[in-house]
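K.L.:
Sharing a structure below in structure tokens format, with a few things to ask.
This is how it looks when you write it as structure tokens:
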């Protein structure tokens, strides 16, 4: 079922140059998040459950912004072109852990103090989506970039599984990982810092770069590079 969450308040902040409209949306519980559209969103751990939307562009239309739930997944979508920024900034306050987040069509997601998990956590950037993930701790962390975009991530995990397909970058030199299973296909780059083991596969172009002195098992098919930096 798809529906727009009730508006808690809306007011204008005025300056000599422009008016900035701020709108709050009350949220229900969720464990997974999908963000679609060319706008920035910051996730902040809090006892609050709401999304704050700053309308910073005259072309922004909040009628194009929707919040929908399916099982335990919240999807936030701004309909329209993903080539140009849509003129909104969104801050999401949420009390629980979010085990899976996707950024699609140019969404720029920042996760502050991602948290400590007892199971797998995953981040996926598709079609120009971007992530900055701070302080994630989990037994297994998965990161995937498809069709451009990027993920920058730090924290600690025994096993890290980064994947890049058809262009994009995953930067994880500040993610402390004992084992890294890295895959690149059809272009793109992964930069990682495994402590003990690196399993690296590149197919049809792309680069996997690593620091440190792990035991390396590597395979390159139809071109590509695996290198220590």
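Residue numbers (mature numbering (1 follows the signal peptide of the UniProt record, and there is no 0)): -19 to -1, 1 to 210.
No residue lacks a Cβ here, since even glycine has one placed at the ideal position from N, Cα and C.
Are residue 134 and residue 124 closer than 8 Å when you measure CB to CB?
P.N.:
Yes; because the gap between Cβ atoms is below 8 Å, this pair is in contact.
K.L.:
So, helix, strand or coil for residue 45, using DSSP?
P.N.:
helix
K.L.:
Does residue -9 come out as helix, strand or coil in the three-state DSSP assignment?
P.N.:
Any reading at residue -9 must be qualified, since the residue scores a pLDDT of 36, below 50, and its modelled position is unreliable; no value is offered.
K.L.:
Just mark residue 52 as buried or exposed, buried being the case when its beta carbon has 16 or more other beta carbons within 10 Å.
P.N.:
exposed
K.L.:
Does the Cβ-Cβ distance between residue 146 and residue 127 come in under 8 Å?
P.N.:
yes
K.L.:
Flag this pair as yes or no: are the beta carbons of residue 175 and residue 161 separated by less than 8 Å?
P.N.:
yes
K.L.:
Span of the beta strand (DSSP E) holding residue 134?
P.N.:
131 to 146
K.L.:
Return the Cβ separation of residue 35 and residue 57 in integer angstroms, given the expectation that the two are a contact with Cβ distance under 8 Å.
P.N.:
In fact, because the Cβ distance is near 14 Å, the residues do not count as touching under 8 Å.
K.L.:
Mark residue 94 as exposed unless 16 or more other C-beta atoms lie within 10 angstroms of its C-beta, in which case mark it buried.
P.N.:
exposed
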